[in-house]
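To convert, count from 1 in the sequence shown and add 5; that's the working numbering. Yeah, the Cβ is synthetic: ideal placement off N, Cα and C, and Gly gets one too. A quick write-up on the structure given underneath.
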Amino acid sequence: MDCTFCSIVAGDLAADIVLDEPELLAFLDQRPVFKGHVLLVPRAHHATLPDLPATLRDPFLAAAQRIAAGVVEAYGATGSFVAINNVVSQSVPHLHLHVVPRTKGDGLRGFFWPRHKYADLEERAAYAARLRAALG
């Protein structure tokens with residue numbers, strides 16, 4: 006199977022990892038809505054949320070909660086936007102949960118998401134390091 010996220014999990018593709026657990030991995034989105042945008046994936050390939058085994062539901066949601074709190078702490082965000090696409094608008098067919106840092110007046114309206122690029126790989130790595138520190 007040719008899956009970008011499976012390649013990241015396997016270490017075949019580089020990513021800025023912010024959470025590394027036995028069954029889950031979280032890393033910065035390479036095309037972030039806002040800097041610090043995180044993707045949480047199960048290590049095993051499951052295409053959508055309905056495909057996620059019951060044994061992973063609690064660990065997956067617990068990690069999402071930690072990341073949502075972590076982006077507030079790490080980046081001084083006011084809150085976060087958390088979302089999962091299932092098939093429609095799912096650019097990679099591997100379950101992934103988005104955690105996007107938000108601040109009042111940040112310009113995000115509805116589901117029109119302008120992308121904000123990192124200046125370079127060093128800036129992206131610095132964002133990853135800040136969130137890793139916040140997640141402990």
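Could you say which of the options lies nearest to residue i if we only look at CA atoms?
i, options, result
"residue 46", "127, 140, 23, 77", "23"
"residue 55", "67, 89, 44, 120", "89"
"residue 94", "136, 53, 31", "53"
"residue 102", "127, 72, 120", "72"
"residue 136", "104, 122, 120, 124", "104"
"residue 127", "40, 61, 113, 62", "40"
"residue 42", "121, 139, 141, 138", "121"
Along the chain, where does the alpha helix (DSSP H) that runs through residue i open and close?
i, result
"residue 137", "126–140"
"residue 10", "9–15"
Given a threshold of 16 other Cβ atoms within 10 Å of its Cβ, counted over all protein chains shown, does residue i qualify as buried or as exposed?
i, result
"residue 76", "buried"
"residue 85", "buried"
"residue 82", "buried"
In terms of residue numbering, what span does the beta strand (DSSP E) encompassing residue i cover?
i, result
"residue 86", "84–89"
Would the beta-carbon of residue i be found less than 7 angstroms away from any heavy atom of the ligand NAD?
i, result
"residue 132", "The ligand NAD is not part of the structure shown, which contains no ligands of any sort."
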